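Note that the numbering used here numbers the sequence shown so that position 287 is 298, with each residue one more than the last.
What follows is a short report on a single structure.
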Amino acid sequence: MKTDLTDTTASKINKALVKARRAIGTPAVGMVLTLVIVTDEENAYDALKAANDASREHPSRTLVVIKRVSRGPRDRTKSRLDAEVRVGADAGAGETVVLRLYGEVADHAQSVVLPLLLPDAPVVVWWPVTAPLDPARDPLGALAQRRVTDSYSAEKPIDELRARADNYEPGDTDLAWTRITPWRSMLAAALDQVDCEVISAEVHGEQYNPSVELLAMWLADRLHVHVRRGVSAGPGLNEVRMLTSTGPIRLYRPSGGLALLTLEDQPDRAVALKRRETSELLAEELRRLDPDDTYASALRFGVDRLGGSAGSALPGGTTSGTTSAPASASAGGAASPGGAGSALSSGSASPSAADASGWGTASTAASGASSASASPALPALAAGGDGEGEGERPTPAQMPPVKKAAS
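Written out as structure tokens, the structure reads:
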């Protein structure tokens, strides 16, 4: 059931919602949260479709905020609010209000949204595209317990990750982080199967894909080992290799469907790592409304602290060259024996591992510049690599201290 309201108010919208629920025979409000979607006209359809699909798992009141740009100076002085109320089959398992704001009212969207929020229910704000620089201090973001952005939709995703790290507040999250949940689960489970020390790691994926960067930062932050970022042809995230004391561990997804997990002295196994739809990602984020400290710690680790890996993409989605561990990691920068998987799953690593590897210590970072010429360079790439591109990113000795999430 759809109801169109032109030049309306929040009070009239609430009355239309009550009237529509009674018309379809469901006067009770059985929704668990309010989802506010801030988007433009171009992306509103896709965002609303994803929200409707996610509402079958999380029945919610969805408020779509679309700020319409006035064509002339005279129109900009006129404020108007148009609304489209959807209840029943047209709104998934909840109810939907599409709000179109014209003129000066577009600068005060929070005053329109506030009367439409469900009482005593959590609020989630989602920016499918063009998120504010500081979501927590945005007028709409300030109403929410959870703020969802998507750095993949940004024009410069890597710069977007840096901005998210600088302005992080508890409750912020990113769909680029949600996309790697199956990868993180699979890697933690793989390390739980073997008793080993992780010496170094390498992550391959598309060049400007923020999910690939986040996975590499997560591995480096949790295991306190040197992680190199390799570039492949995609799509998305293709491969993770970990060099351990018992042999290499490789998780390889060539096409975005099935992946191959390889462990030393164990048969190769196929695992499901499909590329998920936006509705599935959104539904996962709506399952937890508490701050994600693991995401915060990985995000604050910093993109610039990852090791760079040069080389052209080869058929099958891998780059030329595989790196061995740096001297500092080999000397003791790996996770404790038998504890690598638990470090990934629990989001913690032993402090001694960080100190031994030189990661996260202020003294190492401070002395990196003076001892750079004396310290040995990273080993050359194996399997035909030539070590090209080592100067693109800093070595572990030159990296600044780890910024941990606030407790």
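Even for Gly, the Cβ is constructed at its ideal location relative to N, Cα and C.
Quick caveat, the model's predicted, so the values are computed rather than measured.
Can you tell which of the options has its C-alpha closest to the C-alpha of residue i?
i	options	result
Trp138	Glu217, Val47, Gly245, Gly36	Val47
Pro166	Ala283, Met253, Pro221	Position check: residue 166 holds Glu in this sequence, whereas Pro was assumed. The shortest Cα separation from Glu166 among Ala283, Met253, Pro221 belongs to Pro221.
Leu144	Val136, Glu171, Met253	Glu171
Ala199	Leu262, Met12, Ala281	Leu262
Val205	Arg299, Glu275, Gly245, Leu112	Glu275
Thr289	Trp194, Ala65, Leu230, Val108	Ala65
Arg286	Arg190, Glu208, Trp229, Leu151	Arg190
Ala31	Arg173, Thr45, Lys60, Val108	Val108
Ala231	Glu115, Leu355, Ile169	Leu355
Arg311	Ser122, Val209, Asp183, Ala100	Asp183
Arg195	Ala62, Leu284, Glu296, Glu68	Leu284
Tyr219	Ala102, Ser162, Asp279	Ser162
Pro181	Thr255, Ala307, Thr257	Ala307
Arg79	Ala100, Gly114, Gly103	Gly114
Ala147	Asp118, Ile169, Pro168, Asp177	Asp177
Met12	Glu53, Asp101, Asp118, Met197	Asp101
Thr305	Ile169, Thr192, Met253	Thr192
Met197	Ala281, Glu53, Asp118, Pro168	Ala281
Ala201	Leu254, Pro168, Asp51	Leu254
Trp188	Asp118, Asn54, Leu226	Leu226
For residue i versus residue j, is the C-beta distance shorter than 8 Å?
i	j	result
Glu250	Arg240	no
Leu110	Ala94	yes
Leu186	Val214	no
Leu127	Ile24	yes
Arg72	Leu129	yes
Asp15	Arg91	no
Leu112	Ile77	yes
Val49	Val116	no
Ala61	Leu293	yes
Arg157	Leu300	yes
Gly258	Glu217	no
Val134	Leu28	no
Please report the distance separating the alpha-carbon of residue i from that of residue j.
i	j	result
Ser211	Pro302	29 Å
Ser266	Ser164	21 Å
Val98	Ser243	45 Å
Val236	Asp203	17 Å
Arg175	Arg316	16 Å
Ala120	Thr141	16 Å
Met42	Pro70	5 Å
Thr20	Arg173	39 Å
Tyr179	Gly105	30 Å
Gly322	Gly313	Reliability of the predicted coordinates at Gly322 is poor, the pLDDT of 38 falling under 50, and the value obtained from them is presented with this limitation in mind. If I take the Cα positions, the gap works out to 23 Å.
Leu234	Glu208	10 Å
Ala309	Met228	5 Å
Pro150	Val75	15 Å
Pro390	Gly247	Any reading at Pro390 must be qualified, since the residue scores a pLDDT of 32, below 50, and its modelled position is unreliable; the value itself is stated next. Approximately 28 Å, taken between the alpha carbons.
Leu59	Glu295	16 Å
Val123	Lys26	15 Å
Glu68	Leu269	25 Å
Tyr56	Asn63	11 Å
Asp279	Ile260	11 Å
Gln277	Glu291	32 Å
Gly152	Leu125	12 Å
Arg252	Gly318	14 Å
Gly103	Asp118	29 Å
Arg33	Glu52	30 Å
Lys89	Arg264	53 Å
Ser256	Ile169	32 Å
Val238	Ser22	55 Å
Gly343	Asn54	Bear in mind that a pLDDT of 34 at Gly343, under 50, signals an unreliable position, so the number given afterwards is only what the model happens to contain. Cα to Cα, Gly343 sits roughly 49 Å from Asn54.
Would you mind listing the beta strand (DSSP E) stretches within the segment 213-288 that are 3+ residues and don't spill past its ends, in chain order? If only uninterrupted beta strand (DSSP E) runs of at least 3 residues are considered, those enclosed by the segment 213-288 are 237-242, 248-255, 258-263, 269-273, 280-283.
4-residue-minimum alpha helix (DSSP H) runs that sit fully inside the segment 102-170, ordered along the chain: Every unbroken stretch of the alpha helix (DSSP H) spanning 4 or more residues and falling wholly within the segment 102-170 is given here in chain order: 120-124.
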